[in-house]
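Sequential numbering from 0 applies to the sequence shown in numbering that gives the first Met the number 0. Each remark here refers to the structure printed beneath this line.
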Amino acid sequence: MLIISIALLSLLWGQVLIMHYRGSFYHLLMWEPVVLIPIVVVAGLVALVLRGIALDVFAILAALTFLAGLAGTVLHVRGVRRRVGGWNLDNIMVGPPVFFPLCLSLISLAGIVAGVFWRY
0 MLIISIALLS LLWGQVLIMH YRGSFYHLLM WEPVVLIPIV VVAGLVALVL
50 RGIALDVFAI LAALTFLAGL AGTVLHVRGV RRRVGGWNLD NIMVGPPVFF
100 PLCLSLISLA GIVAGVFWRY
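Below, the structure is given as structure tokens:
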């Protein structure tokens with residue numbers, strides 16, 4: 000599960016980088032997943048090799064990424080809601096993607112589970 004979590008976070012990071020670059024990083028919190036995801040991926044790769052305390056560090060970083068995903072979901076929902084027309088289909092399709100931060104949270108949750116239970 001740890002390998003899957005690392006692979007999915009790596010793929011998601013590319014999409015996050017492209018979308019936040021498209022948004023010109025106008026909000027300071029847009030940098031959070033762009034910086035945090037590669038750190039979590041490197042910590043996961045180290046945890047694959049070293050285990051022990053590296054798994055604890057990975058689990059803590061995955062928990063931070065989980066919280067960042069929840070915060071991103073709130074910000075993306077606010078972004079869609081603030082657009083003219085609110086929750087119509089055009090704003091959902093063109094506005095900030097509401098489900099990407101939730102995907103980040105779910106993948107991070109899998110990483111937390113892997114980091115906590117892999118040693119047993």
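The beta-carbon is built from N, C-alpha and C at its ideal position, and this holds for glycine as well.
Query                                                             : Result
C-beta contact flag for Gly110 and Ala61 at 8 Å                   : yes
Range covered by the alpha helix (DSSP H) that runs through Val83 : Per DSSP, Val83 belongs to no alpha helix (DSSP H) and is neither H nor E.
Cβ-based burial, His26 [other Cβ within 10 Å; buried from 16]     : exposed
Whole-Å CB distance - Val48 paired with Ser9, under 8 Å assumed   : Not really, about 17 Å apart at Cβ, beyond 8 Å.
Through-space distance from Gly84 to Thr64, alpha-carbon basis    : 31 Å
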